[in-house]
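Student: The structure that follows is given in the form of structure tokens.
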Amino acid sequence: MEHLAVSSYSAPIVRPELHHWDMPTLSAAQLLAARVRAVLGDGPFALPGGWTHMGAVICDVSFQARRKYQSTVRPRLLRLQSAWPEAVTVRGFQARLATEDLAVAMDFNSPGRVATAHALTDLLAARGVDTRDDLHEWLDRQENRAALRMVKGVGPKSVDYIGNLVGRSQVAVDVHLRSFAAAAGVPYLTYEELRTAYEVAATLLGHEPGALEHAVWRFKAQAG
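Per the numbering used here, the sequence shown starts with residue 4, numbered consecutively.
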């Protein structure tokens, strides 16, 4: 989840009022906030930059799960970005997919992940989403996020993660964020509950949700 630094706007963050948080959520958020202060300090924490190259965005979200990002995924995305410059747009990426083998281009023998990348590309192209800015705005609507969930291989974490890849500020809960929460004493929570707890923790600490998420992810990834 550590990506190229690019300048972009972030979606406006609506921070809930204190009385809108139920006690279990607030308790979990306070535990997370205390753990963040103890091991990461007060920041500031930077947002992940993401990608401007839509082929890289689509392949990142399709190929990164359960793989070592820095050593396995990121180098392949950088090569794809250089080898397929016209794939900076979804339409350009779709045109390359029509004539070339993505598994070869990514040096990744995973038919399921390749199929996910193709399906995401076709969905975005059909919805008129062509650029990073298009996708950034398109993700504002819940029905569009739900449409992404209909793609095989795309779960709630992938939807939040793809938002961060195009400059939004979201929390994508993965194994690293779950491990950090467990170390903080947070009991098991559903994906949505833990995501909300991290969002509230970010508010309590005065950080962007995506920046806090990225700081936690980097801390856990570097710890091995």
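Glycine is no exception: its CB is placed at the ideal position from the N, C-alpha and C atoms.
(1) What residue range is occupied by the uninterrupted alpha helix (DSSP H) comprising R221?
(2) Count the other CB atoms within 10 Å of the CB of P15; is the residue buried (16 or more) or exposed (fewer)?
(3) In the DSSP assignment, find the alpha helix (DSSP H) that holds K160 and state where it starts and stops.
(4) Alpha carbon to alpha carbon, how far is A41 from R130?
(5) Could you tell me how far apart the beta carbons of G209 and S172 are, in whole angstroms, since I believe they sit closer than 8 angstroms?
(6) Looking only at C-alpha atoms, which of E196, Q97 and Q225 sits nearest to P27?
(7) I need the DSSP call for D63, collapsed to helix, strand or coil.
(8) Do A101 and E89 have their CB atoms nearer than 9 angstroms?
(9) Please go through the same chain and pick out, in chain order, the residues whose beta-carbon is closer than 6 angstroms to the beta-carbon of R135, but skip the five residues on each side of it.
(10) Quick one: what does DSSP say A150 is sitting in, helix, strand or coil?
(11) By how many angstroms is the C-alpha of V176 removed from the C-alpha of V117?
Tutor: In short, the structure shows the following:
(1) Taking the first residue of the sequence shown as position 1, residue 221 is located at position 218. Per DSSP, R221 belongs to the alpha helix (DSSP H) from P212 to A226.
(2) Taking the first residue of the sequence shown as position 1, residue 15 is located at position 12. Any reading at P15 must be qualified, since the residue scores a pLDDT of 44, below 50, and its modelled position is unreliable; the value itself is stated next. With fewer than 16 Cβ atoms within 10 Å of its Cβ, P15 is classed as exposed.
(3) Sequence index remark: in the sequence shown, residue 160 carries index 157 (1-based). Here the alpha helix (DSSP H) through K160 covers P159 to L168.
(4) Against the sequence shown, residue 41 aligns to sequence position 38. Against the sequence shown, residue 130 aligns to sequence position 127. Spanning the two alpha carbons is a distance of roughly 45 angstroms.
(5) Translated into positions along the sequence shown, residue 209 becomes position 206. Translated into positions along the sequence shown, residue 172 becomes position 169. Not quite, the Cβ-Cβ distance comes to about 13 angstroms (not below 8 angstroms), so this is no contact.
(6) To locate residue 27, count along the sequence shown from 1; it is residue 24. The option with the nearest alpha carbon to P27 is E196.
(7) Working through the sequence shown from its first residue, we reach residue 63 at position 60. If DSSP states are grouped into helix, strand and coil, D63 belongs with the helices.
(8) Counting from 1 along the sequence shown, the entry for residue 101 is found at position 98. Counting from 1 along the sequence shown, the entry for residue 89 is found at position 86. No, they are not a contact pair.
(9) Start at 1 with the first residue of the sequence shown, and residue 135 comes out as number 132. Contacts found: T55 and V169.
(10) The sequence position of residue 150 within the sequence shown is 147, counting from 1. If DSSP states are grouped into helix, strand and coil, A150 belongs with the helices.
(11) The residue given as residue 117 occupies position 114 in the sequence shown. The residue given as residue 176 occupies position 173 in the sequence shown. Rounded to whole angstroms, V117 to V176 spans 23 angstroms at the Cα level.
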